[in-house]
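With the sequence shown counted from 1, adding 114 to any position gets you the working numbering.
In this text, a Cβ means the ideal position worked out from N, Cα and C, and glycines have one as well.
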Amino acid sequence: MSFNTNSSNIRVDDGHILRATVRNGNGEEVDSELDLNSCLGNNNGRFEWGGRDFSGSAENIYFSVEGDAQVPILRARLRGSDQSFDADVNLAERIGNDNGRLSFGKPFTSSNYTGHLERRLANHAAA
């Protein structure tokens, strides 16, 4: 499940450390962090999931949670081969909450989300 749906205090520190208070499987709130340099790169002026060290070629890094859906957006000016580009990425596309730990993973789709909800409901019913 995308991390932003069950998190609070979401922020990016030092331009690349995503921090949030997230819920674990027991419903407890825990602090977690993820170095975005470990999963985001710069591909010729565009953010690239699965890349590395985007912040080394970025300026004006800015993070905000936007709109009614509270979408976590990272923006930066990324260097390309001959010029720089304004770029943005929705962190909810690939950052999830894995039992209270921010984690990078496969893209979140409605079927992934539905499967997650079904597992949570089954776990809750068994408890």
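For Gly155, the CB contacts under 6 Å within the same chain, skipping 5 residues up- and downstream, are Glu162, Gly165, Arg166, Phe168 in chain order. Per the coordinates, the alpha-carbon of Asp127 lies some 12 Å from the alpha-carbon of Asn151. When C-alpha distances from Glu173 are compared across Ala183, Asn213, Ser122, Ala201, the shortest belongs to Ala201.
For the pair of segments examined, the segment 197-217 was found to touch the segment 122-137: the number of CB pairs separated by less than 8 Å reaches three.
Here DSSP, grouped into helix, strand and coil, assigns Asn120 to helix.
Taking the Cα of Phe199 as reference, the smallest distance to any Cα among Lys220, Asn157, Ile187, Leu132 is reached at Asn157. Annotation for Asn213: no beta strand (DSSP E) segment contains it, and DSSP assigns it neither H nor E.
Taken through DSSP and simplified to helix, strand or coil, Ala206 comes out as helix. Its chain contains Ala134, Thr135, Val136, Arg137, Asn211 as the residues whose beta carbon lies nearer than 8 Å to that of Ser121, once the 5 sequence neighbours on both sides are disregarded; these appear in chain order.
Just so you know, the alpha carbons of Phe218 and Phe177 end up roughly 17 Å apart.
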